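Sequences listed follow chains A and B, in order.
To convert, count from 1 in the first sequence and add 6; that's this note's numbering.
To convert, count from 1 in the second sequence and add 6; that's this note's numbering.
We treat Cβ as the ideally placed atom computed from N, Cα and C, and that holds for glycine.
These numbers come from a predicted model, not from an experiment.
Protein chains: 2
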Amino acid sequence: MSRIAYVNGQYLLHSEAAVHIEDRGYQFADGVYEVFALHRGQMVGEKGHMERLTHSLNELRIDWPISRRALAIIIREVARRNRVKDGLVYLQITRGVARRDHPFPKDCESSLVVTARQLPPLDKEALRQGVGVITIPDIRWKRHDIKSVSLLPNILGKQQAREAGAYEAWMVSEDGMVTEGTSTNAWIVTKSGQLVTHNVSHAILNGITRLSVLEAATGAGLSFEERPFSVAEAMEAKEAFVTSSTSHVKAVTSIDGESVGNGHVGELTGQLLDLYVDFIEAKGGPANTSIWN
Amino acid sequence: MSRIAYVNGQYLLHSEAAVHIEDRGYQFADGVYEVFALHRGQMVGEKGHMERLTHSLNELRIDWPISRRALAIIIREVARRNRVKDGLVYLQITRGVARRDHPFPKDCESSLVVTARQLPPLDKEALRQGVGVITIPDIRWKRHDIKSVSLLPNILGKQQAREAGAYEAWMVSEDGMVTEGTSTNAWIVTKSGQLVTHNVSHAILNGITRLSVLEAATGAGLSFEERPFSVAEAMEAKEAFVTSSTSHVKAVTSIDGESVGNGHVGELTGQLLDLYVDFIEAKGGPANTSIWN
Chain A
7 MSRIAYVNGQ YLLHSEAAVH IEDRGYQFAD GVYEVFALHR GQMVGEKGHM
57 ERLTHSLNEL RIDWPISRRA LAIIIREVAR RNRVKDGLVY LQITRGVARR
107 DHPFPKDCES SLVVTARQLP PLDKEALRQG VGVITIPDIR WKRHDIKSVS
157 LLPNILGKQQ AREAGAYEAW MVSEDGMVTE GTSTNAWIVT KSGQLVTHNV
207 SHAILNGITR LSVLEAATGA GLSFEERPFS VAEAMEAKEA FVTSSTSHVK
257 AVTSIDGESV GNGHVGELTG QLLDLYVDFI EAKGGPANTS IWN
Chain B
7 MSRIAYVNGQ YLLHSEAAVH IEDRGYQFAD GVYEVFALHR GQMVGEKGHM
57 ERLTHSLNEL RIDWPISRRA LAIIIREVAR RNRVKDGLVY LQITRGVARR
107 DHPFPKDCES SLVVTARQLP PLDKEALRQG VGVITIPDIR WKRHDIKSVS
157 LLPNILGKQQ AREAGAYEAW MVSEDGMVTE GTSTNAWIVT KSGQLVTHNV
207 SHAILNGITR LSVLEAATGA GLSFEERPFS VAEAMEAKEA FVTSSTSHVK
257 AVTSIDGESV GNGHVGELTG QLLDLYVDFI EAKGGPANTS IWN
């Protein structure tokens, strides 16, 4: 079966899907994106992704290329045409095509690209295989709350992680605090047993999976703190994990080569994975979707 | 006459020139660019642009899509096919097309796009019409020495300038120093008459026009200091100007709405414009092209 992509009104063979060389996404990183997970044929956290997309577009003053309702239909149609039951839908909106010049062009129509890809179904056993993370300086721009395609520092960080044999790189601000991973949110369970993840601010992208885990934890009567944590605190933590639409809740068992806790997947991490899967299967995604910075 | 663009081995109608939706330039801002000025049919500062391109590619570990020699031929050919005598050639190289995933893909061929555009010839009278700049926080990532397409903060800054009726926005680091404009280098002539521009570091892009002006000044026996200057120092300066391949040496007569010096184009600024034009016409561009950070 050939992959199908949606590009500005047309469903095209993925291999032939193209955008103009003066699309501002290509020349200026002037665009935003979302990655929707599909789990057993259901969209996960659709409302949250749409609200966050709204935030990103508003902050950059990029127009919706089509209505939110039409976009929801296209996302489903791209998943359907690619027969994706478990996997992801990738959506990118840019300011559109215009003669190259820095200021916002006049009379420019936003570009929309939607693709989908099958992935192996969520596998709890695999997620419970612990992975390593490294820590690197956070050299990104200062608006991480906007899910822009300005991802160059993220890919450099991810590459550095892979070359170090690690799954992810946690980015550390100048004051020594872990902000987030290059494509995931970062979590620890402190020495005293407290679940902690960075609070919502311009310093992180508020993950949909992050929100689901927080709501699932609340539902199970678990407490948590939303605040920055230092590398030192993470090194002393009992447990650690990362979350994202495609990493779900993934156990972290080493930081910069040092074991986290006893080096095995933590008890609370395992519990949160179960709670998360139950939550998305029951609720579809987070209800609280209005807080983006 | 239709514009012609070069895209990965082919000369195409500009209107039909496209790149794949999974070009990493589009999805990750994983690419670099250069803008070459043409002045009276001659390429300005070609060696400098090529050396800087080499630096950008090396820092990001992106392969040359073709040899530097072949690239030089293509740049000329694109200018020729578009009949550009005064104007610019835009060149963009990205890591290429690969299934979307953050780490560097294996076996990926770099993408190359080259376009050209006619502009009005360099007009000293117009450049001596002073323009205004505003100052804004520098929220960019920390590797400004790499000329990447990760330009989202730059376009937001330029847009902010335009909405304030200004030509450019000067970006100010957390310690209050002007780094550079969103697409130009920033210069002042201090109260005591000293020519100053930010030193080369990761905090600025070392402009080819900047280098030409420094060499032209040296040739004329003018002294200068390469160091950061604060907004306060700029507000008290006698003169100010910006440089870039397309702004050349452009007088700045107001900063955040306050007049610079007597509000008229400064004497040294006018002299440097003359020296710059003489320099590029005689020398073609800077000789010292080895310092990129």
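Inter-residue distance for valine 258(B) and threonine 196(B) is about 13 Å (C-alpha atoms, whole angstroms).
Serine 265(A) has its alpha-carbon roughly 58 Å from the corresponding atom of glycine 93(B). In summary, the residues of the region 138–160 of chain B whose CB is separated from some CB of chain A by less than 7 Å are Ile145, Arg146, Trp147, Lys148, Arg149, Ser154, Val155, Ser156, Leu157, Leu158, Pro159 and Asn160, in the order they occur in the chain. Take the alpha-carbon of leucine 128(A) and the one of tyrosine 282(A): they are about 11 Å apart.
With its beta carbon less than 7 Å from one in chain A, valine 25(B) belongs to the interface.
In the three-state reduction of the DSSP assignment, serine 229(B) falls in the coil class, being assigned neither a helical nor a strand state. Under a criterion of Cβ atoms nearer than 8 Å, the residues of chain B adjacent to aspartate 36(A) are, in order, Leu157, Leu158 and Ile161. Around glutamate 28(B), the same chain offers Val103, Ala104, Arg105 and Arg106 as residues with beta carbons nearer than 7 Å, after the five sequence neighbours per side are excluded.
Contact annotation: valine 120(B) and valine 84(B) have beta-carbon atoms nearer than 7 Å. Inter-segment contact for the region 132–152 of chain A and the region 204–221 of chain A is present: three or more beta-carbon pairs are separated by less than 8 Å. DSSP places serine 260(A) in the strand class (E or B) of the three-state scheme. Note that the region 273–293 of chain B touches the region 215–235 of chain B; at least 3 beta-carbon pairs, one per stretch, sit closer than 8 Å. Take valine 139(B), set aside five residues on each side of it, and the residues of its chain with a beta-carbon closer than 6 Å to its own are Ala172, Glu174, Trp176, Val258 and Ile261, in chain order. Distance from the CA atom of alanine 78(B) to the CA atom of methionine 7(B), rounded to whole angstroms, is 24 Å. Between the region 247–258 of chain A and the region 39–58 of chain A there are three or more C-beta pairs closer than 8 Å, enough to call the two in contact. According to DSSP, residue pairing for valine 195(A) in a beta bridge involves Leu201(A) and Glu245(A). DSSP places alanine 172(A) outside any beta strand (DSSP E), giving it a letter other than H or E. Using a Cβ-Cβ distance cut-off of 8 Å, the region 67–76 of chain B and the region 178–198 of chain B are not in contact, since fewer than three pairs of beta carbons, one from each stretch, lie closer than that value. Contact of histidine 108(B) with chain A is assigned, a C-beta pair being separated by under 7 Å.
Chain B has no Cβ within less than 7 Å of the Cβ of glycine 182(A). Residue environment for serine 189(A): buried (at least 16 other C-beta atoms within 10 angstroms of its C-beta). For glutamine 48(A), none of the residues of chain B pass the 8 Å Cβ criterion, the least Cβ distance being about 22 Å. At least one CB atom of chain A sits nearer than 7 Å to the CB of arginine 168(B). In the structure shown, the three-state DSSP call for histidine 254(A) is strand. In the structure shown, methionine 56(A) falls within a helical segment according to DSSP collapsed to helix, strand and coil. For glutamine 124(A), no CB of chain B lies under 7 Å from its own CB, so it is not counted at the interface with that chain.
In its chain, beyond the 5 residues on either side, Lys244 and Glu245 have a beta carbon closer than 6 Å to the beta carbon of glycine 267(B). For glycine 171(A), no chain B residue has a C-beta closer than 7 Å to its own C-beta; the minimum C-beta separation is roughly 12 Å. Counting of Cβ neighbours within 10 angstroms places glutamate 186(B) among the buried residues, the total reaching 16 or more. Between the alpha carbons of asparagine 212(B) and histidine 61(B) lies a gap of roughly 11 Å.
Distance check between glycine 51(A) and each of Ser296(A), Ile286(A) and Gly276(A) places Ile286(A) closest, using alpha-carbon atoms only. By the Cβ criterion, the region 15–35 of chain A is in contact with the region 16–25 of chain B, since at least three pairs of Cβ atoms, one from each stretch, lie closer than 8 Å. In the same chain as asparagine 14(B), and ignoring 5 residues on each side of it, the C-beta atoms closer than 7 Å to its own belong to Ser117 and Leu118, in chain order. Taking a beta-carbon distance threshold of 7 Å, tyrosine 32(A) counts as an interface residue toward chain B.
Valine 103(A) sits in a strand when the DSSP states are folded into three classes. Valine 237(A) and glutamate 131(A) have their C-alpha atoms spaced approximately 28 Å apart.
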